[in-house]
Each structure stands twice: as C-alpha cells, then as structure tokens.
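Notes to accompany the following structure.
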Ligand SMILES: Cc1cc2nc3c(=O)[nH]c(=O)nc-3n(C[C@H](O)[C@H](O)[C@H](O)COP(=O)(O)OP(=O)(O)OC[C@H]3O[C@@H](n4cnc5c(N)ncnc54)[C@H](O)[C@@H]3O)c2cc1C
Ligand code: FES
C-alpha cells in the first residue's frame, strides 16, 4: 500500500492507503474524495480530475504524456506548473507520501 | 414530518450525476437512486477497452465509492427493477408490487442493445456488450486462438475487435454498410481506422449482411453471411442500442426513439425529468437529436437536477465523444452530419490529423485523430460560435490553439 494525501477544495485532508496499480483518480473517487468529477472514467478525455501535486515526491512523478498535456491546457481551474490529471498518475511505491490538492473547479 | 424523496430510476452515469447535482443545487431532503443492476454505479466506456484486457477490477471502474454516497446522503438501492410510474399520483411501483412516493422523479434508464433479428441469436456464445456483467462474460471467453465474429462496425464493435485481437483471438468484423462507423464519422476516418484494424490483423467484411447464426448443441458454431459461413466461437452483436423508455411510454409521457426532453431535461409530465441514453432532445427548430455519450448523460443530468429544483440550466455545450482503438484516440466535437464542406489538416499517413466540417461557411464539427489539443481547441471554438471559414482553417498559418484563446 502507498500513502497518498488528497486535499479537498474545502481544505480538508484525506489520507489514503492506496493500492498499487490503481490511478490516483480511482483511489480518490472510490474513497469519496470531494471535488474530483472524473467524467470520462480515466480515458484522458474530460480534464475533470485536475489536481496540483505537492510534496518532495512530486518531482519523482513521471512527466505527463502528450495526451495529458493537451487536456491540461484546458482545465477549468488555473493551470499551474504542478497541474496534473489524477487519472494519469499511477500508484507506485516511488510516490509514497504524494500530496494531491484537488482543483477548486473541474468544469 | 420528513419530505418525500427525490427519486431517480436508473443508477448509471446520468442517474448518479442527478443525485450529486441535486445536492449541489441545494436539495436537503432524501434521495433514492434506484437501479436494477447488482453493482454500484460504474463507468461503461472502460468495458469495451481496459476491462476486456483484464486491466481493471470492479472497484476501479466505479464512478463513486460507497463512502461518497453515504456522505452525500444518497441512498442507492441495488438490483431492484421499477415496474411502473404514475406521474399524477407521484408514485412508482417496484417489480413485486411495493410502491414509493416521490417529491420529484428523474428517469435515467439508459438504453439496451438492439437485438439481431435472425435465427440463432439466442445461442450460447452470442453476446451483446452493455453492462459490467456482459463485459465479464465476454472477457472470460477471449483467449488465444478463439474465433470472434463481431457483428456491426460501430464504436463498441470496433473497440471489442481491438481488445479481442490483443488477447490473441482471430477476429472478423461484419458490417452491412459500405464503410465502418458510417453513422458517426466521415469516409476519411472510416478509411484510416479500416487500415488500422487491418494492420493489427482484424478482418473487416463490408457490405455483408448476416442471415443466421448457426449452432451445434445450443452453442454457436458459425455466422451465416452473404459472404459465406464464418466459423465462430464467440459472436458479439454491436448493432446499436434502443432507448429504455418503456416506463415513460406506459405512463403516457411523450416518447419517440426515447423520452422526449427539452434543453433543460424536462419531459412532457410536470415534475418528471429525464437524462442520458433514454432521452431524445427536442431542438428549437422542431427536429430531434439522440446522443449516446458520457458528456450528454452528465450534462443532461445537471440540467435535470436543476429542473427538479425549479431552475433552468439548459445544456448548450457542443456535443463531444471519443473512441479508443489500439493506441489511437479518435475525438469528435460537434456533429458532422449535414456538412457541405470539409477541410483536412495534417496527413492521415502521419497518424495525426483533423477534419473540419462546415455547413456553408459555418463551422459545425471537428474530428481529430491523436490530436487531443486540437480537439479541445475545437470544442472551445464551437462553444463560442467563433466565425471561421473553410479558407481560414485551410490556411497554412492557422493555429487552432491560438484561435481558441483569441
Ligand atoms: C461498452 C461501452 C463503451 C462506451 N464507450 C463510450 C466512450 O468511449 N465514450 C462515450 O462518450 N460514451 C461511451 N459509451 C456510452 C456511455 O457509456 C453512455 O452514453 C452512458 O453510460 C449513458 O448513461 P445513462 O446513465 O444514460 O445510461 P446507463 O449508464 O445505461 O444507466 C442506466 C441504468 O438504468 C438501469 N435501469 C433501466 N431500467 C430500469 C428500471 N426499470 N428499474 C431500475 N433500473 C433500471 C439500467 O440497468 C442501467 O444500470 C459506451 C457505452 C458502452 C456500453
Ligand atoms: S478522468 Fe477524464 S481526464 Fe481524467
């Protein structure tokens, strides 16, 4: 299990022991984290699973691929250098301790 | 005294979204989300993609987990079919006879696969793909060397073909039309995807009708077509869906190819709204439009929840859709039917290109292949009704992303 922390738009922190191989979006929606819509179910087609990644481990995440970058250009909330689509972040032991701040709006 | 609940029939993409949106619209009373499937609400798009490849388990395709529903005070009732609704009495009847009164009713019953009207369609091994249980049954049969015949070259049939060939099956797709995905995409995309499937070893037979499915001891053995008999261990029927509008029809609500709704998801019955695949939208010009997509389900659901709260929140965004086949992402913004001119950007041979469709001088739709960024730009351009002519788009200097920002 890999520990991830989501910060909901209200500021509430939700710490989750996540299953390896899942996406961060799947972890969040299955546990009821507020603010992630994930309309397309992880197909990288909706840009409604936007989070800002924080913490030391954020730098260790594999860089976004073209498809994700294209969607990030079109997120509803402010796009920042640490913007990611949570459906494209795979849970691996390397990201233990990652903080995902959920974007305040998704659409 | 507690109030009657808001009741939603159908716990799919649209039904769950209505429940969520009722909360954000300020409904504080009880919400009952009634579904006939034995699962929490789940995403259907992965069923013809990751699910068939064994890359996901049920909890991963769930739309929201149980904790979320609890936190939002959404009571999800599983595996119970609603048998009838009575808008005048504001009450419904479950299969089995129990009744339930409602403060407001939303119908989100989706659609069911169109049956193949030929002999043998009920043989073991002949399947459709709509539900999680369908997908699980199909996935269990896909193995190296298994002969799969897909009837119908629509999005779902072709996604199944791509997954099956990846699993080592021998795959043939049979299509009555002269090209694949003919209902939704222009010939250039049909041609591109036909090539794509051929390269991966999927055989596609066009202009080929199915006359019967042949069996042996109750199990499918072959598909009889105009092009001869095709041996088959598994047959997947993907010839479209029919709106599940029976409850509404029986209650006297206006239906035609689906429950008729306006832009705000209202039906002809006061206090009853509908959203998603079970609906057909009446447009201002009197024509009607049927969409079967995640976006439509979600947006109509948001309108429906607002309407139940007495508010108008019409769905006006440009329709969009996607289909993943192999590593190719096909995305559509707007509807290209009725186009009189088309501009191609990029070279299909490069594997990335876009088609811009115009009715006269007005841009109406854009299809992209492996160009997510142009797709998103096109959605913005179409949403804003920006004036772009075929000449503008054909110009070498045209930059869709810059145009969308402008
Ligand atoms: C395999 C597959 C792949 C797809 N891929 C894509 C894609 O890539 N992109 C895209 O945009 N769209 C895709 N779609 C379409 C998309 O999934 C649908 O448009 C969407 O699910 C519609 O949501 P809905 O809530 O209207 O219907 P559904 O999700 O079908 O939900 C309706 C629910 O109501 C239940 N129900 C019906 N009648 C009753 C009753 N009387 N009582 C109780 N419950 C009842 C049904 O069992 C069902 O659970 C795909 C669909 C399938 C099947
Ligand atoms: S869930 Fe749609 S892009 Fe992430």
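Chains as they are written, first to last, in the numbering used here: chain F, 61 to 167; chain S, 386 to 791. Positions of the beta carbon are idealized from the N, C-alpha and C atoms, including for glycine. These figures come from a predicted structure and were not determined experimentally.
Would the beta-carbon of residue 679 of chain S fall within 9 Å of that of residue 714 of chain S? Along the second chain, read from residue 1 onward, the residue named residue 679 of chain S stands at position 294. Along the second chain, read from residue 1 onward, the residue named residue 714 of chain S stands at position 329. Their beta carbons are not under 9 Å apart, which means residue 679 of chain S does not touch residue 714 of chain S by this criterion.
Give me the Cβ distance between residue 147 of chain F and residue 85 of chain F, rounded to the nearest whole Å; I'm assuming they're in contact under 8 Å. Taking the first residue of the first chain as position 1, residue 147 of chain F is located at position 87. Taking the first residue of the first chain as position 1, residue 85 of chain F is located at position 25. Right, the Cβ-Cβ distance comes to about 4 Å (below 8 Å), so this counts as a contact.
Residue 630 of chain S (DSSP reduced to helix, strand or coil): The sequence position of residue 630 of chain S within the second chain is 245, counting from 1. Correct three-state label for residue 630 of chain S: coil.
With distances taken between CB atoms, is the gap from residue 663 of chain S to residue 635 of chain S smaller than 9 Å? For the purposes of this step, residue 663 of chain S is taken as residue 278 along the second chain, with counting starting at 1. For the purposes of this step, residue 635 of chain S is taken as residue 250 along the second chain, with counting starting at 1. No, they are not a contact pair.
In chain F, what lies closer than 9 Å to residue 733 of chain S by C-beta? Translated into the one-based positions of the second chain, residue 733 of chain S becomes position 348. Result: empty, since nearest Cβ-Cβ is about 18 Å, beyond 9 Å.
Under 9 Å between C-beta atoms of residue 90 of chain F and residue 398 of chain S: Mapped onto the first chain, residue 90 of chain F falls at position 30. Mapped onto the second chain, residue 398 of chain S falls at position 13. In this structure, residue 398 of chain S does not lie closer than 9 Å to residue 90 of chain F by Cβ.
Could you check the C-alpha separation between residue 707 of chain S and residue 764 of chain S for me, to the nearest Å? In the second chain, residue 707 of chain S corresponds to position 322, counting from 1. In the second chain, residue 764 of chain S corresponds to position 379, counting from 1. Straight-line Cα distance between these residues: approximately 13 Å.
Restricting to Cα atoms, I'd like to know which of S:427, S:758, S:718 and S:768 is closest to residue 396 of chain S. Locating residue 396 of chain S in the second chain gives position 11, counting from the first residue. That would be S:427, whose Cα lies nearest to the Cα of residue 396 of chain S.
Residue 707 of chain S: CB within 8 Å of a non-hydrogen atom of ligand 1: As a first step, residue 707 of chain S must be located in the second chain, where it is residue number 322. Answer for residue 707 of chain S: yes, Cβ within range of ligand 1.
I need the straight-line Cα distance from residue 522 of chain S to residue 788 of chain S, nearest angstrom please. As a working note, residue 522 of chain S is residue 137 in the second chain. As a working note, residue 788 of chain S is residue 403 in the second chain. Residue 522 of chain S and residue 788 of chain S: Cα-Cα distance of roughly 47 Å.
Would the C-beta of residue 425 of chain S count as close to ligand 1, meaning under 8 Å from any of its heavy atoms? Translated into positions along the second chain, residue 425 of chain S becomes position 40. Relative to the non-hydrogen atoms of ligand 1, the Cβ of residue 425 of chain S never comes closer than 8 Å to any of them.
So does the segment 72-85 of chain F actually touch the segment 96-111 of chain F, counting three or more Cβ pairs closer than 8 Å? yes
With a threshold of 8 Å (Cβ to nearest heavy atom), would residue 394 of chain S be considered close to ligand 1? As a working note, residue 394 of chain S is residue 9 in the second chain. Yes, the Cβ of residue 394 of chain S comes within 8 Å of a heavy atom of ligand 1.
Smallest Cα separation from residue 443 of chain S: which of S:516, S:472, S:499 and S:402? Against the second chain, residue 443 of chain S aligns to sequence position 58. Looking at the Cα atoms, S:516 is the closest of the given residues.
Which residues in chain S have a C-beta closer than 8 Å to the C-beta of residue 127 of chain F? List them in chain order. For the purposes of this step, residue 127 of chain F is taken as residue 67 along the first chain, with counting starting at 1. Ordered by position in chain S, the residues that pass the 8 Å Cβ test against residue 127 of chain F are 714 and 757.
Cβ shell of residue 419 of chain S (< 7 Å), same chain only, five flanking positions each side left out: Counting from one through the second chain, the residue named residue 419 of chain S turns up at place 34. Result list for residue 419 of chain S: 392, 393, 394, 396, 462, 465 and 467, in chain order.
Taking the alpha carbon of residue 690 of chain S as the reference point, which residue from S:387, S:408 and S:538 has its own alpha carbon closest? The sequence position of residue 690 of chain S within the second chain is 305, counting from 1. Here the closest residue by C-alpha is S:408.
Check whether the Cβ of residue 700 of chain S lies closer than 8 Å to any heavy atom of ligand 1, and answer yes or no. The residue you call residue 700 of chain S lines up with position 315 of the second chain. Not so, every heavy atom of ligand 1 lies at least 8 Å from the Cβ.
Can you tell me whether residue 91 of chain F is helix, strand or coil according to DSSP? Numbered from its first residue, the first chain carries residue 91 of chain F at position 31. In the structure shown, residue 91 of chain F sits in a helix (DSSP, three-state: H, G or I).
Taking C-beta to C-beta, are residue 472 of chain S and residue 447 of chain S nearer than 9 Å? As a working note, residue 472 of chain S is residue 87 in the second chain. As a working note, residue 447 of chain S is residue 62 in the second chain. No, they are not a contact pair.
Please go through the segment 126-150 of chain F and give each complete beta strand (DSSP E) segment of 3 or more residues, from N-terminal end onward. 143-145
Report the neighbours of residue 453 of chain S on chain F: residues whose CB is nearer than 7 Å to its CB, in chain order. Translated into the one-based positions of the second chain, residue 453 of chain S becomes position 68. Going along chain F in sequence order, the residues near residue 453 of chain S (Cβ under 7 Å) are 92.
Would you please verify whether the beta carbon of residue 71 of chain F is less than 9 Å from any beta carbon of chain S? In the first chain, residue 71 of chain F corresponds to position 11, counting from 1. Not an interface residue.
Which residue spans inside the segment 462-549 of chain S form an unbroken beta strand (DSSP E) run of at least 3? 467-471, 476-479, 484-486, 489-492, 496-498 and 532-536
Is residue 95 of chain F close to chain S? Criterion is C-beta to C-beta, closer than 9 Å. In the first chain, the residue the question calls residue 95 of chain F occupies position 35. Not an interface residue.
Residue 548 of chain S to residue 165 of chain F, Cα distance in whole Å? In the second chain, counting from the first residue as 1, residue 548 of chain S sits at position 163. In the first chain, counting from the first residue as 1, residue 165 of chain F sits at position 105. Cα to Cα, the separation comes out at about 34 Å.
Sort S:453, S:556 and S:607 by Cα distance to residue 510 of chain S and report the nearest one. Within the second chain, numbered from 1, the residue matching residue 510 of chain S stands at position 125. Ranking S:453, S:556 and S:607 by Cα distance to residue 510 of chain S puts S:607 first.
Taking C-beta pairs closer than 7 Å, name the residues in chain C that residue 449 of chain S reaches, listed in chain order. Protein chains in the displayed structure are F and S, and chain C is not among them.
Take every Cβ of the segment 533-552 of chain S, pair it with every Cβ of the segment 722-737 of chain S, and state whether three or more of those distances are shorter than 8 Å. Segments in contact, no.
Ligand 1 heavy atoms versus the CB of residue 522 of chain S: any closer than 8 Å? Taking the first residue of the second chain as 1, we reach residue 522 of chain S at position 137. Because no heavy atom of ligand 1 lies under 8 Å away, the Cβ of residue 522 of chain S does not count as near it: no.
Ordered along the chain, which non-local residues of its own chain (more than five positions away) have a Cβ less than 6 Å from that of residue 603 of chain S? Stepping through the second chain from its first residue, residue 603 of chain S is reached at position 218. Closer than 6 Å at Cβ, skipping near neighbours: 509.
With residue 761 of chain S as the anchor, note down where its alpha helix (DSSP H) starts and where it stops. For this step, residue 761 of chain S is matched to residue 376 along the second chain. 757-768 is the span of the alpha helix (DSSP H), which, as asked, contains residue 761 of chain S.
Over what stretch of residues does the beta strand (DSSP E) that includes residue 391 of chain S continue unbroken? For the purposes of this step, residue 391 of chain S is taken as residue 6 along the second chain, with counting starting at 1. 391-394 is the extent of the beta strand (DSSP E) around residue 391 of chain S.
Out of S:694, S:460 and S:644, which one is the CA nearest neighbour of residue 676 of chain S? Mapped onto the second chain, residue 676 of chain S falls at position 291. The option with the nearest alpha carbon to residue 676 of chain S is S:644.
What I want to know is whether the C-beta of residue 758 of chain S ends up closer than 8 Å to one or more non-hydrogen atoms of ligand 2. Residue 758 of chain S sits at position 373 when you count from the first residue of the second chain. Residue 758 of chain S: no, Cβ never under 8 Å from ligand 2.
Bridge partners of residue 710 of chain S, per DSSP? Against the second chain, residue 710 of chain S aligns to sequence position 325. Bridge partners of residue 710 of chain S: S:713.
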